[in-house]
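A.B. asks: Which chain is which? The protein sequence lines are A and B, in order. Sequential numbering of the first sequence, starting at 864, is according to my numbering. Sequential numbering of the second sequence, starting at 363, is according to my numbering. In this text, a Cβ means the ideal position worked out from N, Cα and C, and glycines have one as well. Quick one: structure below, then a few questions.
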Amino acid sequence: MLPEGTKQVLTDFMKRPIFMIFMIGLAIRLILAPLLTYGFDMMHWALTIQHIQAGAGLYGVDGYWYTPVWGYFLGIWSFVMNLFGVVDYGHVFDEALVLELLPLGHTATVTTIPFNVMMKLPLIAADIIAGLLIYRIIKEITKDEKKATYGFALWFLCPLVIFSSSIQGMFDVVSVMFMLVAVYALMKRQDILAGSAFAAAVLTKMFPGYLIFALIAYLAVNHKGDRETFLRRVGVVSLGAVVMTAIIYIPQILDGTVMDSLAFLSARVGTAIAADTSGSTWDAIASSGMSLILFLQPLIFAAAAFFAYRMYKNDNIRGDQFFICLAATMAVVFVWPAVPQYLLVLLPFLIFMAAMFDKRFFIPFAVISIGALILDIAMVNFSMLMSVAAYTNLLDIGTVVSLAEWMDGPLIFGISKQLALMTIGGAAEVIGPLLALLFIILYEKEARHNV
Amino acid sequence: MFKVNAAVIVTALIFGTIILGQSLIYLSVPNNYGADAEIKAGEAEYSVSTDSSIRYTALAFDNARPVNTLYVYYDESYAVFGITHAQQNRFISQTIAELKIRSFTDTKIVNAAELADIVKGPYEPGDAILMTSGVLPDTVYQNATVDIFKWVTAGGSLYWAGYAIGEKVAEKGKEPKNVSNYQTAIFGKENVILMDQKISSQRSSNTNAKALGEALAISNNAVAYGLKVSGSGALTGVLSIGYEYNGYASLALVGKGSGMICVTGSLERTSLAQVISSGVSEKSKLLDSENGSLVRGAATGTLDWGASGGKIAVQIRMGTPNIVYARTFFSP
């Protein structure tokens, strides 16, 4: 039996709209998780876990290409799966090998449904934590339950967020979760936590790293005229970040695999430097796009620094400058057709703007969410049905392969249906951040006018 | 939410998660696996055990050619083709890591001069050479006194992964040169190497070879510079246990004299490690196999068969789709 007080808190919570939103979002995730899976990423998590189980660590045998943080989660999850008796991670199906000839990373190695569901559970947990942080930040700033619930709903029912964790099984949401912890901790003057969470976010997926200028500017704004406090806080945040980075990298420093842990970054840079136009049309676009983005990096960093400087210089009467800076920085980072789940790091900042300051920010949020979802579905193609086809009687592998090949077939002027959808999704992904920047300009202009 | 105590708890949770993950991966042996087999006439009794949750496969095949010592050629002073020295170095280290997972640890890196010493003979039973350079050094090829293919004929096992076997030879510090009629010199006929790179989704057309390839979990389906194993002009005395494209194999084992040449179409390390560690040969035939699951426990089983030839090999492996542990046992 629960104590009466706890019971009352739970009863009150269950009566609030956020509970219903939470239950709907959770139900959608738990229904999708066993049914749809992007096999290519999931196969790599199976490979990494099995390398861990073989005693090869994260980088002893090739297969894990990211910085170590997600790998440590996989280490814990390997233990949990052993505990729960998940014996079968997947199999290679010869009938599905033709999928590997299709563009954009498909595999005939089909992971089992129990493995898929288990792998998605920590990501769904990260979705929830990130959602609650968004709720909490909005609630603290606005003291408005409705706005906070709206923010939570935008995040937790966002199709891109759901797809990323519950279908694709990609870990970008873990980086978002740490990033939000860092932002909130900084607002609450918990600087060691802010620094360590920021380092964890960057060493999960690098994109939150672009926010470094915004975070420093936030401290500078809050301690204008108090140089000593500003420097002390920057020092403490840095200490947290350095200690976290050192702890994360101890194993790789000891076994000499630090460079292996940066393979994701170096591979992307490599693709960008040696633009490959010999493969599929999309490969050529993506490769050329990566080249452009790489060469634009100095400008992107300059823009991020500029937004931070503006934040420092502007008056912060409305309390919105930090969030404008965060949103603008991430919007500039993603003015290109990125791999869809990368955009998750931008969404919370658009949600903050939409929920707290200007409802119009829902528009770029929706454009990005829908666009990235279209791009995601097109990229993943019908291969996301492969686990169901391989391990249930609901479908057969031949049907899934035929559907995937149909998607790869021409629609018009030799352009495949897949490429057409990807073009639409990719365009929306570019338009979304541009709209966000436009709305920031309009919002600031109107705000100045009102003042 | 983040009062001082809450912040401390969250900080500790983040650090704790990282450190727990590290500990489970690096500070302890993540999992223990054990396997044993006793091979008798017509049957093998095996046992498996683990503290993990895992699927296992036990299989037996005949005419095994166990590898005792694998000499891996790597020499930066000699040219490579179709690969860079850095890529070759990486591929070798990764293949050795895969072999280690399969309980095969006797590997030695040798340079061109050391390779010549091995090839000079006499041939030691169980010696094998792995070449991944795409080019043979002139210390062992097109050499009046030392010839790697004579060493194969005498009983050696040559595992070749990469560019067309025997097409190129290099002197120290010089560009590689083409060798004329090299296919006839090695295999007795021309046009038995696919001078192209293809991917196949068709397993071997030979029923025994297909069964053996599946049982050994051979997954390499890239047919680059693979050998002609079926159709007109195909090699004889060959076993193709991978995939085939227009009669060319992704993984072929060819008998040569008392020895064997294994050619893998592409640099794919897991299938290569499976072939080397299991000791499968061009004459091997699958005798029996079975699968099972273990959840922190042990199991025993019996593989049985009728007629067989040569050495019997029993491989026990754990993990699917990727092998986390394997060990191969051979009859005396």
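Count the other CB atoms within 10 Å of the CB of threonine 736(B); is the residue buried (16 or more) or exposed (fewer)?
C.D. replies: Any answer about residue 736(B) is impossible in this case: the structure gives chain B only from 363 up to 694.
A.B. asks: Among Cys624(B), Leu615(B), Gln677(B), which has the Cα closest to the Cα of alanine 406(B)?
C.D. replies: Nearest C-alpha to alanine 406(B): Gln677(B).
A.B. asks: Hey, is tyrosine 440(B)'s beta-carbon within less than 8 Å of any beta-carbon in chain A?
C.D. replies: no
A.B. asks: From the DSSP output, in three-state form, read off serine 542(B) for me.
C.D. replies: coil
A.B. asks: Would you list the one or two residues that DSSP bridges to glutamate 606(B)?
C.D. replies: Ala611(B)
A.B. asks: Determine, using beta carbons only, whether alanine 1217(A) and phenylalanine 1225(A) come nearer to each other than 8 Å.
C.D. replies: The answer is yes: Cβ separation under 8 Å.
A.B. asks: The ligand ZN and isoleucine 685(B): does the residue's C-beta get closer than 7 Å to at least one heavy atom of that ligand?
C.D. replies: Only the bare structure without any ligand can be found here, which leaves the ligand ZN out of the picture.
A.B. asks: Quick one: residues in its chain with C-beta nearer than 7 Å to the C-beta of leucine 1274(A), no 5 flanking neighbours on either side, listed in chain order?
C.D. replies: Lys1280, Ala1283
A.B. asks: Could you tell me whether the segment 1299 to 1307 of chain A touches the segment 1029 to 1045 of chain A, where touching means 3 or more Cβ pairs closer than 8 Å?
C.D. replies: no
A.B. asks: For threonine 972(A) and chain B, any beta-carbon pair shorter than 8 Å?
C.D. replies: yes
A.B. asks: Whose Cβ in chain B lies nearer than 8 Å to the Cβ of proline 1114(A)?
C.D. replies: Gln384, Ile387, Tyr388
A.B. asks: Taking Cβ-Cβ distances shorter than 8 Å, what residues in chain A pair up with phenylalanine 377(B)?
C.D. replies: Ser1059, Met1107, Ile1110
A.B. asks: Quick check on valine 391(B): does DSSP put it in helix, strand or coil?
C.D. replies: Under the three-state reduction of DSSP output, valine 391(B) falls in the coil class, being neither helix nor strand.
A.B. asks: On the DSSP bridge list, what partners appear for proline 470(B)?
C.D. replies: The question names proline, yet the displayed sequence has lysine at residue 470(B). Looking at the DSSP output, lysine 470(B) bridges to Tyr433(B).
A.B. asks: Let me confirm a value: phenylalanine 1276(A) is counted as buried when at least 16 other C-beta atoms fall within 10 Å, else exposed. Which label applies?
C.D. replies: exposed
A.B. asks: Could you give the residue range of the beta strand (DSSP E) that holds arginine 1368(A)?
C.D. replies: Nothing about residue 1368(A) can be reported from this structure: the residues present for chain A run from 864 to 1314 only.
A.B. asks: With 8 Å as the threshold, decide whether the Cβ of isoleucine 527(B) is near any Cβ in chain A.
C.D. replies: No - not a single Cβ of chain A is within 8 Å of the one on isoleucine 527(B).
A.B. asks: Would you mind listing the alpha helix (DSSP H) stretches within the segment 878 to 922 of chain A that are 4+ residues and don't spill past its ends, in chain order?
C.D. replies: 880 to 898, 902 to 916
A.B. asks: Between the segment 545 to 559 of chain B and the segment 578 to 587 of chain B, can you find at least three pairs of beta-carbon atoms closer than 8 Å?
C.D. replies: yes
A.B. asks: Closest by CA to phenylalanine 1078(A), which one among Ala1104(A), Gln871(A), Leu1207(A), Glu1091(A)?
C.D. replies: The identity of residue 1078(A) in the sequence shown is leucine, whereas the question assumes phenylalanine. The residue with the shortest Cα to Cα distance from leucine 1078(A) is Ala1104(A).
A.B. asks: Excluding five sequence neighbours on each side, which residues of the same chain lie with their C-beta closer than 8 Å to the C-beta of aspartate 509(B)?
C.D. replies: Val481, Val502, Tyr503
A.B. asks: Over what stretch of residues does the alpha helix (DSSP H) that includes isoleucine 1004(A) continue unbroken?
C.D. replies: Isoleucine 1004(A): member of the alpha helix (DSSP H) spanning 976 to 1005, first to last residue.
A.B. asks: Exposed or buried, which one is methionine 883(A) when buried takes at least 16 other CB atoms within 10 Å?
C.D. replies: Its Cβ having fewer than 16 others within 10 Å, methionine 883(A) is exposed.
A.B. asks: Is there at least one Cβ from chain B nearer than 8 Å to phenylalanine 936(A)'s Cβ?
C.D. replies: Taking 8 Å as the CB threshold, phenylalanine 936(A) lines the interface with chain B.
A.B. asks: In the structure shown, what three-state DSSP assignment does proline 663(B) receive?
C.D. replies: Looking at the sequence provided, one finds glycine at residue 663(B) rather than proline. Three-state DSSP puts glycine 663(B) in a strand.
A.B. asks: Would the segment 377 to 396 of chain B and the segment 604 to 618 of chain B be scored as touching if the rule is three or more Cβ pairs under 8 Å?
C.D. replies: no
A.B. asks: Could you name the residues that DSSP lists as bridge partners for threonine 1262(A)?
C.D. replies: Note: threonine 1262(A) sits in no beta bridge, so no partner.
A.B. asks: Quick check on the DSSP output: the alpha helix (DSSP H) that includes valine 1195(A) runs from which residue to which?
C.D. replies: 1184 to 1196
A.B. asks: Under 8 Å between C-beta atoms, does tyrosine 687(B) make it to chain A?
C.D. replies: yes
A.B. asks: List the DSSP bridge partners of aspartate 489(B).
C.D. replies: Thr431(B)
A.B. asks: In whole angstroms, what is the alpha-carbon distance linking cysteine 624(B) and methionine 493(B)?
C.D. replies: Roughly 10 Å between the two C-alpha positions.
A.B. asks: Go through its chain and collect everything with a Cβ distance to glycine 1272(A)'s Cβ below 8 Å, but skip five positions before and after it.
C.D. replies: Ser1279, Lys1280
A.B. asks: Using only alpha-carbon positions, find the residue among Asp1178(A), Phe1070(A), Ile1111(A) that is nearest to phenylalanine 1164(A).
C.D. replies: Phe1070(A)
A.B. asks: Quick check on valine 1036(A): does DSSP put it in helix, strand or coil?
C.D. replies: In the structure shown, valine 1036(A) falls within a helical segment according to DSSP collapsed to helix, strand and coil.
A.B. asks: Closer than 9 Å by beta-carbon distance: list the chain B residues that pair up with glutamine 871(A), in chain order.
C.D. replies: Within 9 Å Cβ-Cβ: nothing; glutamine 871(A) doesn't reach chain B, min ~20 Å.
A.B. asks: Would you say the segment 1188 to 1201 of chain A touches the segment 1006 to 1017 of chain A, given that touching needs at least three Cβ pairs under 8 Å?
C.D. replies: no
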